[in-house]
Amino acid sequence: MAFRITSQLRPFRNQFGGSRRFATTVADGAKQTYNKFSIMGEFAPVAIIGGFVGLAVLMAGHSIKQQLMHAPAISTRKNRRAAVAEVDDPENCVSSADKFINKSWLRKVGQIQDKSKAILSDPTRPNPFTTPRNAETLNSVGVAPKGI
1 MAFRITSQLR PFRNQFGGSR RFATTVADGA KQTYNKFSIM GEFAPVAIIG
51 GFVGLAVLMA GHSIKQQLMH APAISTRKNR RAAVAEVDDP ENCVSSADKF
101 INKSWLRKVG QIQDKSKAIL SDPTRPNPFT TPRNAETLNS VGVAPKGI
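Numbering follows the UniProt record's numbering, in which position 16 of the sequence shown is assigned residue number 16; successive positions increment by one, without gaps.
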């Protein structure tokens, strides 16, 4: 008789709990919540790699601009291309070389050194950002260049 009651209550059991044989805290038909921040951690390595690639592209673009805009040997004007800039326009060439060294942040990063590990100061290789750049030009010796 006791077993007949379970067969009679079967429709009610299917209505409330389905056919599960264990207890659960989630009701049937409950939606699983979507949390967009739970997925964000999975994309962290992709974001880090993307950041490094972006930084490398930025550094390459800056280096290209530095080489094309401030290099003393490169001239974009047509009448200066055939001339030797060091002879024809020495002041402009010296100022361009000064900009070339001072605006290069990769050179500045390369000069970073630990002062505690320095053994002796090397006078043959001074810091290019603290020493003045003097050039012996035609004007300094008394000859007027023809100019461009």
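Glycine included, every Cβ here is placed at the ideal spot set by N, Cα and C.
In this structure, DSSP gives P123 a state outside helix and strand, which the three-state scheme calls coil.
In the DSSP assignment, K99 falls within the unbroken alpha helix (DSSP H) covering P90 to N102. The straight-line gap separating the alpha-carbon atoms of W105 and A71 is approximately 14 Å. Around the CB of A85, 16 or more other CB atoms lie within 10 Å, so the residue is classed as buried. A Cβ-Cβ separation of about 11 Å leaves K103 out of contact with F129 under the 8 Å criterion. DSSP places G50 inside the alpha helix (DSSP H), whose first and last residues are A44 to H70.
The beta carbons of E91 and T131 sit no closer together than 8 Å. D89 is classed as buried because its beta carbon has at least 16 other beta carbons within 10 Å across all chains shown. In this structure, Q111 lies near N127, with their beta-carbon atoms less than 8 Å apart. Fewer than three beta-carbon pairs drawn from the segment 58–66 and the segment 33–46 are found closer than 8 Å, and the two stretches are therefore not classed as touching.
In the structure shown, the three-state DSSP call for S75 is coil.
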